Each structure stands twice: as structure tokens, then as C-alpha cells.
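Chains as they are written, first to last, in the working numbering: chain A, 1 to 167; chain Y, 1001 to 1684.
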């Protein structure tokens, strides 16, 4: 089965078996190893990628379901400024999640940032609950995520204010 | 010995090479029996099957003088024991070949009851101890308790595995996640007959919480190396998540019988321990396990007469491995449940009973301290959690109302205390942790550590310690992690106190080098070596351990009868772990251990539950209770270790809290709904 989709901003065309999972496609065919599969049940959140800017467990998606969509993996997201800002706050708080859950957590924060949810503990907890690795402190994760969301929203509000002032 | 224990930048599962072979095990589906026949169909090209016969007389690895078979030969001893190794050029071919191979077994007859199993058990190590020799306990024991714990599996995201890269002139590069790379190398050399210079061991990245798998990476490496050498190709052997959870090494299950009596002053008069650890098919460290539990039984509580009978036996379950705390978590679960039960019977506060009986002299002596640490810890914990008031209030409620009203939320609170032992020195020299340090005239420091650091942060901590004492930039300090063959001290890191024990040794070495440099100058290279038994030299009693961390915890729970829900509201833990190198990291490590121990205490033996494989994961962040960790640093200021104390503390506190809420005498883990809400032994 031949599919065409966008991977980290680039058009890709590939012939794949119908039963191949998206995570295997990304890792085996494209050598994108930063996203890792762990439970293969869609439960742990370690294989999370962004499909059309929504966080999805790529072990639970068949590769052919990617046709016509835009996929962003860890490798692609690392190039964004948003990642740099998130990573900066991770480091500042000495929050260093493992290579397995790191991207699931970052993508969950990214999705929350672009949602309309208010920043409160329970909404953030809900947003982050899909990631079940516990290599680091859950309390610290919540606190860092709160800081990131606050900072990003403040920055966005500032930009909007600037834009409206220019107009 | 050429071991590059630096950072191999990949996990084993990430490694891929041209023309490599995938390998997997075909495992026994019966518990015990004889292999009658193996039918292998016509194999596709490049597919091979290996059995015990291929390994011949070398079908074993040696760990701590025990021979452990690689593949089952004639007989299988547990469900999941590897019988065949299959290699194929693709995962798909491997899967189809595995499905087509047939193994016939003759199963052993089922035992009639658990008691016949107990009678036929094979004891592999025994110990006994009696403090008041010849003295019989006065009168009957006031209270008798039996407590048991199930096996435990750690939840880590990456399965165990090994990648063998076959190189020119039969050189093997063994890429493996292991805490004992020297042993991996030795076993590969034993199986393949290759000389040392042809076997290179590289430590792959290992996922967080990868712990307690001391000797199993050696088994995987030995088998895969053998196949690689035979087939002259690179081989990747990675366990599936299910295999890893079900069949790799576990924390041993245990059964404890404790009885005791007290004097009028609440002081313990007699304390008798009788315990068995079930090691599964094998466990090469049974002696260490039983002696560690006996150590806990002997020193934690102070009774006039203490008697201990302990043993380890094999059973038809997957093998045991060396988990955090070795056997202390099982011991403390039983001992703390017993003390809580005794307090209930005597109608005194569990806190008061502990203060009266904890062996303060032991803690002063082993940690070289003047103050009694437990009264300080318990008093602060009591203030922080309002333990005494809440405990009395919930006890009052328990006596007044039966928890039968639907929708009722009932609360419970439980206390436990424990110590964590660091720097096991049982084999004086054999498994010692060690450090060799040299300072060159060019101001370059080389540090060789026998243990393997578990994170970049650990390496940083070690370098910082040297840098601070010798006033040398961390850039001029190099760390390597293995001693040469002639050094007895070559790991494994039998206790996860490696950060603290090694750091203490590093500081000792650096201080000695500084002193020598001041006296003799720095014109020549100064070399110093320290082993962990050096930390004991001031200790007249020669305890098994170099130091102990002291801690206490309170668990608060609510039970919702309408929805049959157990909610763990809060875990508060206070600990004296000595000097803390990095509080943020320490806090994260302890929280992780708290959650792992909650899983051990509450999950329905999830490693066996194939209905929902999502149980192989941690709970989501929304299901994690509030965890408060309070550090108290004692006067001596050296590191005592932080990693594993939660395993010893949390289960007993949790079960006591649930038992109080539900008014039941819970004595076994895991605390599943049937045990909490179903009919059971109600307390009077």
C-alpha cells in the first residue's frame, strides 16, 4: 500500500504493509528513534507523536492512517522555538524525564498550550495523565508544566497586544 | 579487561545493522515436567534453532558460585523457562517459525495442596540466631502473626535485551543494559571460548527503574553471543514486554511468622521470627537475602530475647533477582505490621510502642551518632501528619460504627518505620564497592570505580566531590567504571547505595591524596585505593553494612464503600539519609520508589494479569497520591543512600491504614478489592 503524508514538514511517499503500525514505520523506515514504543497498547504514552497537531499514541495507529496527514515526531519538534522554551524550563527546574516519556510529556504540554483550557491543577493533570512513565517526580512535572503554560500564554498575550497596538 | 562503560548512545531496541539477525526464545508453557520431543519444521533460509544440546557442557553461567542453566535441558522448572533460541533475518519470519515449532512435554503431576509443596520445598540457605542463648521466652507469646508478600516486578519502559555485533576475525561487541558488565564479559568468554581481547562489552542506555536485573543480562548476552559466533552475524535479542514482565527476575515472595510478648512498660520481652523466602527457579544470592532479613530482625527492635530462623527455598516460579533493599522490604512489611497489630492489641499508640522498642543504640553505633534519630523523626512526622490525634479518632470511629452504610467514606491512617542498609560487606572483598584514584603531576585525576553509575547526574556528583576536595576542575577528572581482573572488587553493585557509598569512598581517596600531596609534593603520581569495608574500620561490631538510612512514613487512605474505591490520600515520609548531594534529584528518586512500592502493595500481581496489559505501565499522574518527603540530615553529614527505603516503609503503612479503615486484619499483599471489601477476618 502506497501512502503519501507529511513528516516533520517534508512530503513522503512510501510503500508499506497494511498491518504496519505508525511507530514502527517512523522508527524502522525513517530511522526516527527518539519516539519509543513501550507498551504497544496505547496506554503508556511513550510513543506519542503529533498528528495534525493533536497528540496521538503512534503504536495504536496503523501506518496507512497517516495518509494525507501531517506528522511531527520528536526530531521535528526539536527544531521549533517552542521546544527550546519548554526545554529551558525543564532544565531550570532540574526536571529531566527519561528518553521514553520525555516526548509524550512535551507533546501533552504542547497540546494543552494550544487548547482553551484554563491553567489549573486538575486540567493540567488531566492533560498529562496519558503519560504513565514515572521516571521523575509527578509533582515536579505538574509544577514545571504550569510554569511553561503560564510563560507561553503570557508571551502569546504580549504578542497579541503588540500586534493590536501596531494596528 | 576492556570494558567501555561510557555512554553508548542508544538503547538496545534502537540498534539496527545491515544483515543482522533477530532472536527470540521459545519458552515452556508448563510449570514443571520433561521435554519429550521437539518438532522443528523445514526452516526457511537463514533461520536457525538452538537448543541446550548446542551448548553442550557449557549450557550454564556461574553467578556467585551457582550454576544457572541457559536453556532448559530435558526438564523445565517453571512456566516461561527458555527452551529454544530461534534466530531469523526478520521479525515476521521469526514469528512464523516460532508458531510452527512444536514442543511436547510430560507435565509433572499437580500437587494436592500447598502444604505438600511446602513439605517438598528445597531449602537452599538457612540461618538461625538466638540472642538470649538458653533462655526460654517467659510464658506464651501475647501475639502471633503471619504475613506474606507476593513477588514484585519493577515497571520500566524498555525491555531487557542485548545486541551482539559480529566483527572481523570473530570479535564480538556486546551491547547490553547491565549493572554488572564484568560478569557479562566473563560469561561471554566462558560460552564462546574467545579470549578477552576479542570480547568488548559496551553498556547501552538503560531505561529508568531498570533495577534488580543483576545476572539476567549475562544470560541473554551469553546465549546471543554463542548464536552470533556460530552464525557469523550480528544478533539482536530483546525480550518482549510480556516476557520481561512475566519471566525475568523478580523480588522474592516471602512468608513470615512472628510472635512476641511485652513487659508492662511496653518493652518487648520476646520476639521470634521464622521466615521463608521463595526464590523461584533459582537465586544465586540466597545467602545475602536471608542474612539481610536476619540482620533487620536482629537489630531493628530491641527485645530481651530474640530468636530468628530464616531460610530461602526454590519453587516453580520465575527466578528471583536482586531488587532494591534485597529482602528488607519483605522483612519490614512483616515486622511493622506485627508492631502495629501489637499496638492495637495493647490499645496504645503505634508511635509510642515504636519509641519504646526501637534499638536506638544500634542506630547510634552504626552511624556514629550521639543523638537518637527515631524519636526526632517520629516526633516531626507526628506533628506534620497529626498522626496521634487522627489515629485515635479513626480508632474511635472504627469501634463505634460498622462500615456498612453505602456511600460512607471511611478513613484510615497507618505508620511504619524502617532502615535501609548500605554497602553490603558480607563477602569482605568479593562484592566490595571500590574506588582507585590517582593524581598525576600534571594535575589530572583518574578515578576508577568498581560500580556502574546509574545516571549522568551520579557521574557529575562523583566528579564534583573530587573537584571540591582537590580543587581541580571537573574537566581534568576522568571517570572509568571497572577494575582490572586482578582486583577482587569488581561489582556488582549489590545495593543501590552505590551513589552514596562510592561517593564516600571517593571523598576518602581524595582526602588521602590531598594529605599525601601536601606532605610529599605533587612531583610523582599519587595513587590511592579504598574499598567499602574501609568504611567499617571504625566500627567495632563489624556490621554487615557501612551505614543505614532511618525513616518513617504515614499513609492516609479513604475507602468509598459505594464505589468500592480505595483512595490513597497522602503519603508522608521523613528520612535521615545523611548528606544529600542534590535534593531535587533525591526527591524524584524517592517519589519514584514510593510509587513502585504502592504498585507492589496494591496491584493484583499485575505481572501475571494478561487481561489488561496496560497494567504493565505506571498509573497516570491523576492516580498518584500526594507525596510529601521531609529530609532530616544527621550530624555526621555523610551520605547514607536514599534509593530503596520507600519499599520497606510504604506497604506496611498502607495496609495498616486500610486495615484500620475497613476494620479488618489485613496481612497479605496485594490489597485488592476482594480483600478490602469482601468477607474477611474482622478485628474484635
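Note that CB positions come from ideal geometry on N, CA and C, so glycine has one too.
The structure displayed is predicted, hence computed values, not measured ones.
Partner residues on chain A for residue i, Cβ-Cβ distance less than 8 Å
{"i": "residue 1632/Y", "result": "Within 8 Å Cβ-Cβ: nothing; residue 1632/Y doesn't reach chain A, min ~19 Å."}
{"i": "residue 1463/Y", "result": "In chain order: nothing, as chain A lies at least about 17 Å away."}
{"i": "residue 1241/Y", "result": "38, 39 and 40"}
Listed by chain order, chain Y residues near residue i by CB distance under 7 Å
{"i": "residue 129/A", "result": "1620, 1621 and 1622"}
Contact list for residue i against chain A, beta-carbon separation under 7 Å
{"i": "residue 1207/Y", "result": "98 and 100"}
{"i": "residue 1588/Y", "result": "136, 137 and 140"}
Under 8 Å between C-beta atoms of residue i and residue j
{"i": "residue 1600/Y", "j": "residue 1152/Y", "result": "yes"}
{"i": "residue 1414/Y", "j": "residue 1476/Y", "result": "no"}
{"i": "residue 1235/Y", "j": "residue 1159/Y", "result": "no"}
{"i": "residue 1569/Y", "j": "residue 1626/Y", "result": "yes"}
{"i": "residue 146/A", "j": "residue 124/A", "result": "yes"}
{"i": "residue 1332/Y", "j": "residue 1648/Y", "result": "yes"}
{"i": "residue 1247/Y", "j": "residue 1207/Y", "result": "no"}
{"i": "residue 1366/Y", "j": "residue 1547/Y", "result": "yes"}
{"i": "residue 50/A", "j": "residue 3/A", "result": "no"}
{"i": "residue 1557/Y", "j": "residue 1418/Y", "result": "no"}
Start-to-end residues for the alpha helix (DSSP H) that takes in residue i
{"i": "residue 1259/Y", "result": "Taken as a continuous stretch (DSSP letters only), residue 1259/Y belongs to no alpha helix (DSSP H), being part of the beta strand (DSSP E) at 1253-1262."}
{"i": "residue 1664/Y", "result": "From DSSP, residue 1664/Y is part of no alpha helix (DSSP H); its letter is neither H nor E."}
{"i": "residue 1287/Y", "result": "1286-1299"}
{"i": "residue 1335/Y", "result": "1328-1346"}
{"i": "residue 139/A", "result": "138-166"}
{"i": "residue 1192/Y", "result": "1181-1192"}
Among the options, the one whose alpha carbon lies nearest that of residue i
{"i": "residue 1101/Y", "options": "1445/Y, 1086/Y, 1620/Y and 1169/Y", "result": "1086/Y"}
{"i": "residue 1433/Y", "options": "1532/Y, 1312/Y and 1069/Y", "result": "1532/Y"}
{"i": "residue 1177/Y", "options": "1162/Y, 1191/Y and 1183/Y", "result": "1162/Y"}
{"i": "residue 1098/Y", "options": "1040/Y, 1075/Y and 1032/Y", "result": "1040/Y"}
{"i": "residue 132/A", "options": "67/A, 37/A and 81/A", "result": "37/A"}
{"i": "residue 1217/Y", "options": "1185/Y, 1029/Y and 1033/Y", "result": "1185/Y"}
{"i": "residue 1096/Y", "options": "1150/Y, 1022/Y, 1193/Y and 1083/Y", "result": "1022/Y"}
{"i": "residue 1245/Y", "options": "1275/Y, 1557/Y, 1463/Y and 1211/Y", "result": "1211/Y"}
{"i": "residue 62/A", "options": "152/A, 137/A and 16/A", "result": "16/A"}
{"i": "residue 130/A", "options": "139/A, 155/A, 101/A and 113/A", "result": "101/A"}
{"i": "residue 1147/Y", "options": "1058/Y, 1202/Y, 1255/Y and 1223/Y", "result": "1255/Y"}
{"i": "residue 5/A", "options": "52/A, 47/A, 44/A and 152/A", "result": "52/A"}
{"i": "residue 28/A", "options": "1342/Y, 1015/Y and 1470/Y", "result": "1015/Y"}
{"i": "residue 1149/Y", "options": "1275/Y, 1166/Y, 1140/Y and 1091/Y", "result": "1275/Y"}
Min CB distance residue i to chain A below 8 Å
{"i": "residue 1611/Y", "result": "Note that residue 1611/Y scores a pLDDT of 45, beneath 50, so its modelled location is shaky; the value from the coordinates is reported in the next line. No, because no Cβ of chain A sits closer than 8 Å to the Cβ of residue 1611/Y."}
{"i": "residue 1595/Y", "result": "yes"}
{"i": "residue 1390/Y", "result": "no"}
{"i": "residue 1067/Y", "result": "no"}
{"i": "residue 1157/Y", "result": "yes"}
{"i": "residue 1213/Y", "result": "no"}
{"i": "residue 1014/Y", "result": "yes"}
{"i": "residue 1570/Y", "result": "no"}
Chain A residues whose Cβ lies nearer than 9 Å to that of residue i
{"i": "residue 1598/Y", "result": "Result: empty, since nearest Cβ-Cβ is about 11 Å, beyond 9 Å."}
{"i": "residue 1627/Y", "result": "137, 138 and 139"}
Interface residues of chain Y facing residue i [CB-CB closer than 8 Å]
{"i": "residue 94/A", "result": "1582, 1584 and 1585"}
{"i": "residue 110/A", "result": "Going along chain Y, no residue has its Cβ under 8 Å from residue 110/A, so there is no contact; the nearest lies around 16 Å."}
Chain Y contact for residue i (CB, 8 Å cutoff)
{"i": "residue 139/A", "result": "yes"}
{"i": "residue 73/A", "result": "no"}
{"i": "residue 87/A", "result": "no"}
{"i": "residue 80/A", "result": "no"}
{"i": "residue 33/A", "result": "yes"}
{"i": "residue 46/A", "result": "yes"}
{"i": "residue 115/A", "result": "no"}
{"i": "residue 83/A", "result": "no"}
{"i": "residue 30/A", "result": "no"}
Terminal residues of the beta strand (DSSP E) in which residue i lies
{"i": "residue 1631/Y", "result": "1626-1631"}
{"i": "residue 1565/Y", "result": "1565-1576"}
{"i": "residue 1067/Y", "result": "1066-1069"}
{"i": "residue 1526/Y", "result": "1526-1531"}
{"i": "residue 1082/Y", "result": "1082-1088"}
{"i": "residue 1074/Y", "result": "Here residue 1074/Y belongs to no beta strand (DSSP E), and DSSP marks it neither H nor E."}
{"i": "residue 30/A", "result": "No beta strand (DSSP E) holds residue 30/A; DSSP gives it neither H nor E."}
{"i": "residue 1397/Y", "result": "Here residue 1397/Y belongs to no beta strand (DSSP E); instead the alpha helix (DSSP H) covers 1387-1400."}
Neighbouring residues, chain B, relative to residue i (Cβ below 8 Å)
{"i": "residue 126/A", "result": "As a matter of chain content, chain B is missing from the structure shown, whose protein chains are A and Y."}
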